[in-house]
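In what follows, a structure is listed as structure tokens, so that the remarks can point back to it.
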Amino acid sequence: MIRLAKIDRTMRPREIAPGVSLTMRPASSIDIDQAQGEASRVLAALFTAPDTLEDFGLGDYLPGTDTDAEKLLGLSSYLTAALLMEQIVESWEGVADESGEPQPFNRASIGLFLLHPGMKDAFEREAYSAVRLERDEGNGFAASETGSAGAAGTTAGDAGRPATTAERGAR
């Protein structure tokens, strides 16, 4: 039996790094799929409209006709995080520009935020928390039993006689 329960999708402040708080909710599988789909569309448009990346603060990173798979995979991961952040984050605190002025919560600032060392990982850790919890418990994607291992039935029967072992020193 699996137990289906609602994910707590309450918008609330979550500290993702010292002094950095995002008012957000955890992502659902639907949110993640939508962000990945939109990231794919942005990447597809990249070859015909290279300025697409300027919206994400990547105006100087224009691969043009460069189709290096690893570079595109990195861009896809980055864009997915940025688009997911737009969906599930309402606001932030503790994010400022070089002069210390608070940064507005917009696409360009999200892009710069995710490029800052450690922030993409910190955001994803919090954003994917509900989906990962579901998977880690074993109840997310397969019909698995709930409860403790002590309640499981025995699967092997008695062999009927002791097992034979090799003699000591045998080669």
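Numbering (my numbering), first residue to last: 225 to 395.
Ideal placement from N, C-alpha and C gives every residue a C-beta, glycine not left out.
Outcome for A367 when other beta-carbon atoms lying within 10 angstroms are tallied against a minimum of 16:
Any reading at A367 must be qualified, since the residue scores a pLDDT of 43, below 50, and its modelled position is unreliable; the value itself is stated next. A367 is exposed by the Cβ-count criterion.
CA-to-CA distance, S245 to E239, given in whole angstroms
Their Cα atoms are separated by approximately 4 Å.
Hey, is the segment 304 to 311 in contact with the segment 267 to 277, meaning 3+ C-beta pairs nearer than 8 Å?
Contact fails: fewer than three Cβ-Cβ distances are below 8 Å.
Counting Cβ pairs, one atom from each stretch, are 3 or more of them under 8 Å apart for the segment 256 to 264 and the segment 319 to 338?
Too few Cβ pairs lie closer than 8 Å, so no.
Alpha helix (DSSP H) runs wholly inside the segment 276 to 331, at least 4 long, in chain order:
If we require 4 residues or more, the alpha helix (DSSP H) runs fully inside the segment 276 to 331 come out as 293 to 312.
What is the DSSP secondary structure of M343, counted as helix, strand or coil?
M343: helix per DSSP, three-state reduction.
Between L296 and S323, what straight-line distance do the alpha-carbon atoms span, to the nearest angstrom?
Taking the straight line joining both Cα atoms gives about 33 Å.
Under 8 Å, do S253 and V355 count as touching if we go by C-beta distance?
Contact annotation: S253 and V355 have beta-carbon atoms nearer than 8 Å.
Taking the alpha carbon of P237 as the point to measure from, which residue in A351, F271, D279 has its own alpha carbon closest?
Among A351, F271, D279, the Cα nearest to that of P237 belongs to A351.
Where does E239 fall in DSSP's three states?
Secondary structure of E239 (DSSP, three-state): strand.
What do you get for G243, buried or exposed, if any count of 16 or more other CB atoms within 10 angstroms of its CB means buried?
Exposed, because fewer than 16 other Cβ atoms sit within 10 Å of the Cβ of G243.
Simplified DSSP state of L228, which is helix, strand or coil:
Correct three-state label for L228: coil.
Run the CB neighbour count on M343, radius 10 Å, all protein chains shown included, and call it buried at 16 or more, exposed below.
Classification for M343: buried.
Which residue marks the beginning of the beta strand (DSSP E) containing S245, and which one marks its end?
S245: member of the beta strand (DSSP E) spanning 244 to 248, first to last residue.
Let me know if G298 comes out buried or exposed under the rule of 16 or more other beta-carbons within 10 Å of its beta-carbon.
The residue in question, G298, is exposed, as its Cβ has fewer than 16 Cβ neighbours within 10 Å.
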